[in-house]
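In our numbering, the protein residues as written are 436 to 551. Worksheet: the structure to be examined is printed underneath.
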């Protein structure tokens with residue numbers, strides 16, 4: 436299986452996307468809504484609302500590459516942020532393997548002055 440290298444720049448598109456979109460539709464989202472060039476040396480990642488499908492779009496020298504993964508039983512742990520998120524290829528591979536890539540925060544520190 437072909438996977439992105441750990442060093443590659445990856446851009447997660449925050450909003451859910453209609454998976455009927457193909458190369459031109461996804462490139463238009465990158466350009467118009469994310470304000471980036473789809474020709475940048477970046478892998479752009481899109482997820483559907485049910486979080487069982489992911490598409491990766493990237494420009495490779497002389498044309499676009501579109502990679503599609505559909506889960507049969509589980510869901511991707513999509514970090515639903517308002518703003519698009521930049522990660523690296525290592526985290527993308529973890530996401531594709533089913534790991535939750537969102538940073539985990541510990542419980543807040545509690546400070547008391549008395550016992551009662």
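We treat Cβ as the ideally placed atom computed from N, Cα and C, and that holds for glycine.
About 12 Å separates the beta carbons of residue 448 and residue 462, which is beyond the 8 Å limit, so they are not a contact pair. DSSP lists 505 as the beta-bridge partner residues of residue 488.
Annotation for residue 457: 501 place their beta carbon closer than 8 Å to its own, counting only its chain and skipping 5 residues before and after.
Pairing residue 510 with residue 544, the inter-Cα distance amounts to about 32 Å. Annotation for residue 513: 482, 486 place their beta carbon closer than 7 Å to its own, counting only its chain and skipping 5 residues before and after. Pairing residue 549 with residue 534, the inter-Cα distance amounts to about 41 Å. Under the DSSP assignment, residue 466 falls in the alpha helix (DSSP H) whose first and last residues are 458–467. Taking 8 Å as the upper bound for CB-CB distance, residue 445 and residue 498 are not in contact here, some 19 Å apart. Annotation for residue 532: the continuous alpha helix (DSSP H) segment containing it runs 524–532.
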